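Asker: Handing you a structure now.
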Amino acid sequence: MHEVLQPEGWAKPVGYANGVAARGRLIFVGGQVGWNGQCQFETDDFVGQAKQTLENIVAVLAEAGATPQHITSMTWYFTDKTEYLANLRGIGEAYREVIGRHFPAMAAMQVVALVEDRAKVEIQATAVIPD
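Structure, rendered in structure tokens:
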């Protein structure tokens, strides 16, 4: 659907792509956090919030007729790098359950805080529905 950009001789990334080329209708998903559709957190567990955040992204994409496979880029923001790294296995399992084995270009970073005090992770995504 999209072209993964992998420079020759580079080590293959695990769980993300170095770059993605795509043409079509652009979908921009604003930063989503791990609360439900009524803006209520159901858990303070990092993996639980990450999974809900991914589910929220999929719900927004569906409104445009897009699926997780249309995602070209994601930026992850989290408040605690140590907690993020300690939960990589669970995050990976949640990611594959919600998004599948589709790995767009990604960036991840620790931030001082998120606007929602209870949020542990926020993810912004871009998707492209091919012409």
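For this note's numbering, count along the sequence shown from 1 and bump the result up by 400. Think of the CB as a built atom: it goes at the ideal place given N, C-alpha and C, for glycine as much as any other residue. Source: prediction; values computed, not measured.
From the DSSP secondary-structure annotation, give me the bridge partner or partners of I471.
Answerer: Note: I471 sits in a beta bridge opposite A527.
Asker: So is F428 buried or exposed if we call it buried at 16+ other beta carbons inside 10 Å?
Answerer: Exposed, by the Cβ-count rule.
Asker: Who are the near neighbours of E483 in its chain, counting only those whose CB is closer than 8 angstroms to its CB and skipping five residues on each side?
Answerer: Correct list, in chain order: F446, K520.
Asker: Can you pull the DSSP bridge partners for M506?
Answerer: According to DSSP, M506 bridges with M474.
Asker: Check whether the segment 452-469 touches the segment 422-442, counting contact only when three or more Cβ pairs, one atom from each stretch, lie closer than 8 angstroms.
Answerer: Because the criterion of three Cβ pairs below 8 angstroms is met, the segment 452-469 and the segment 422-442 touch.
Asker: Taking only three categories from DSSP, how would you classify V567?
Answerer: Nothing about residue 567 can be reported from this structure: the residues present for the chain run from 401 to 531 only.
Asker: Once the 5 residues before and after G500 are set aside, which same chain residues still bring their CB inside 8 angstroms of it?
Answerer: For G500, where only same-chain residues beyond five positions count, the Cβ hits under 8 angstroms are P468, Q469.
Asker: Based on Cα-Cα distance, which residue from A459, G448, E493, V511 lies nearest to T475?
Answerer: Ranking A459, G448, E493, V511 by Cα distance to T475 puts V511 first.
Asker: Could you tell me if P504 is buried or exposed, where buried requires 16 or more neighbouring beta carbons within 10 angstroms of its beta carbon?
Answerer: It is buried - the Cβ of P504 has at least 16 other Cβ atoms within 10 Å.
Asker: Give me the Cα-Cα distance between M506 and V528, rounded to the nearest whole angstrom.
Answerer: Approximately 15 angstroms, taken between the alpha carbons.
Asker: Below 8 angstroms CB to CB, which residues in the same chain sit around L461 once its five sequence neighbours on both sides are set aside?
Answerer: Counting only Cβ-Cβ distances below 8 angstroms, and skipping sequence neighbours, we find I427, V429, T467, P468, H470, I471, A525, A527.
Asker: Cα-Cα, which of V498, D531, D517, V515 is closest to A450?
Answerer: It is V498.
Asker: So, D444 versus R489, is the Cβ gap smaller than 8 angstroms?
Answerer: No, the Cβ-Cβ distance between D444 and R489 is not below 8 angstroms.
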